[in-house]
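In UniProt numbering, the protein residues as written are 1 to 546.
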């Protein structure tokens, strides 16, 4: 068996992926395995000796750049991200023969959290007319955020709330809700979960408090709520969650008590503490860090960090994952799963289990600010391909300080070639100081030359705003540099700008207020890139996390 690659599934298990061969044309997968070159391609996945999945594409007509695609994964291996891995390898094989588009239904049917983050209908149990109540405010947030699915409220009087139709009981609803948001007294949660489960709800978010592990009453409530959710087949988030947010195109959902509406973007966030979650969302909004989804875990009676990691492994809208965890229920399993996720997309964390998770490739920062700063580097652009940094700016003292900081953080400030220096007026060496009076066009031209030279893996732009220049015009001019060089990691520092500019260029390269924050974020990104480049082999094992 010729193995083309080893990959990590979402559960941390090792999967071998290769082109199909004649010996594979047996068993229940044989309809996919028309192996060979030409107009049809097939790749297969193995877990040990067992064939667990396959994906195939067939060109839609002679010379077409589109191909019909179909995939199949053995039932016991669904929900591990195997289908996604197969399709990625199939795309790599198809691209050289001119196939650039796949057509077909390849949705992962194993994702149990889909009804929570992309529900077709939502019912808020305990949504009364009182302003400030958890149910009322959650219903209002759902409506105001533009949720496009069907929305219902449950309250004793069956009175409409916020213009939303209300019923006395979940059993009275005209349809089965995908998601139930529970905002009732703690002693009523179990009955609400039972009623939602009997109606067919697949997920529930419990906002209610009163379920901490201390005290016999609370422990009894926890046990009862967990037992009923399991009996009814309902995946339960919480209790003591502040809710969920999803900004993706398939479902704009804000079932959350946070007053902050984060911008849409590529960062998925999970926080156990509601207060930490609110603070993180506020910092993300201020810094222009876009969110794909936010999940407040609360007491984690059922849905935990492992479930979220598995879900985000396959989520196309999530480019990076940020975790704020006070404790980890199953450290060994979690370390394996974040290791698998980190091979595909960056995982950042603020947690006490930093040493264990760093071994698994997690970017462990000292606080929320550092985590968001680093996420902004890694979303929308590549991680640094190497340690070579070039600095271009218009403020000599700041560029020199940035260079010192960069070298102390592990970057190399190599001298630029004679050819590159000759193309940049006023350039003496790296860092390049163009002078405080440099025009936007001059700064952009110098940055373009350096980015195009192939002599830098990371380009840091140090811009100083004064009354005599226009920082916005400079950053606008630099946007084309970002857009022209998708293979270079780019960030900027804007000092003295009158207006906050969180990013520049179409891909949203980050802008920081000072060099220390910028270099620190780039250094975290570089260390992650070094870890990710380490080869994965069949003998790979992650040390125990306990």
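In this text, a Cβ means the ideal position worked out from N, Cα and C, and glycines have one as well.
Determine which residues share a DSSP beta bridge with residue i and list them.
i           : result
residue 294 : 245, 269
residue 69  : 57
residue 46  : 16, 51
residue 433 : 393
residue 453 : Note: residue 453 sits in no beta bridge, so no partner.
residue 412 : 388
residue 181 : 124, 205
residue 264 : 291
residue 474 : Partner(s): none; residue 474 has no beta bridge.
Could you give the DSSP three-state label for residue i: helix, strand or coil?
i           : result
residue 485 : coil
residue 155 : coil
residue 512 : strand
residue 344 : coil
residue 393 : strand
residue 334 : helix
residue 164 : strand
residue 10  : coil
residue 469 : coil
residue 176 : coil
residue 230 : helix
residue 1   : Because the pLDDT of residue 1 is 48, which lies under 50, any placement of that residue in the model is unreliable, and the number read from its coordinates should be weighed accordingly. Of the three classes helix, strand and coil, the one that applies to residue 1 here is coil, per DSSP.
residue 301 : coil
In angstroms, rounded to a whole number, what distance separates the CA positions of residue i and residue j?
i           : j           : result
residue 275 : residue 15  : 39 Å
residue 50  : residue 90  : 20 Å
residue 145 : residue 294 : 14 Å
residue 524 : residue 333 : 24 Å
residue 538 : residue 6   : Bear in mind that the predicted position of residue 538 carries a pLDDT of just 45, short of 50, making it unreliable; the figure below should be weighed with that in mind. Distance between the alpha carbons of residue 538 and residue 6 is about 7 Å.
residue 62  : residue 19  : 22 Å
residue 78  : residue 44  : 14 Å
residue 35  : residue 75  : Bear in mind that a pLDDT of 38 at residue 35, under 50, signals an unreliable position, so the number given afterwards is only what the model happens to contain. About 23 Å.
residue 330 : residue 302 : 13 Å
residue 309 : residue 534 : 21 Å
residue 254 : residue 181 : 11 Å
residue 436 : residue 394 : 5 Å
residue 522 : residue 165 : 50 Å
residue 100 : residue 531 : 30 Å
residue 406 : residue 242 : 39 Å
residue 66  : residue 104 : 11 Å
residue 327 : residue 353 : 8 Å
Would the beta-carbon of residue i fall within 8 Å of that of residue j?
i           : j           : result
residue 118 : residue 246 : yes
residue 298 : residue 372 : no
residue 482 : residue 507 : yes
residue 113 : residue 199 : no
residue 69  : residue 55  : yes
residue 388 : residue 348 : no
residue 494 : residue 455 : no
residue 238 : residue 207 : yes
residue 526 : residue 396 : no
residue 285 : residue 262 : yes
residue 150 : residue 169 : no
residue 244 : residue 205 : yes
Looking at residue i and the ligand FAD, is the gap between the Cβ and the nearest heavy atom below 7 Å?
i          : result
residue 43 : With respect to the ligand FAD, the structure offers nothing, as it holds no ligand at all.
message = With three or more beta-carbon pairs closer than 8 Å as the criterion, would you say the region 358–368 touches the region 333–340?
response = Yes, they touch.
request  = Would you check if the region 267–279 and the region 190–197 touch, i.e. whether three or more CB-CB distances between them fall below 8 Å?
outcome  = In this structure the region 190–197 does not touch the region 267–279; the number of beta carbon pairs closer than 8 Å is below three.
ask   = Three or more C-beta pairs closer than 8 Å, one from the region 448–464 and one from the region 517–536: is that the case here?
value = The region 448–464 makes contact with the region 517–536, as at least three CB pairs between them are under 8 Å.
Cβ contact (3+ pairs, closer than 8 Å) linking the region 340–357 and the region 321–328 = The region 340–357 is in contact with the region 321–328.
message = Under 8 Å, with one C-beta from each stretch per pair, do the region 166–184 and the region 128–139 reach the 3-pair mark?
response = Yes: the two stretches touch, three or more of their Cβ pairs being nearer than 8 Å.
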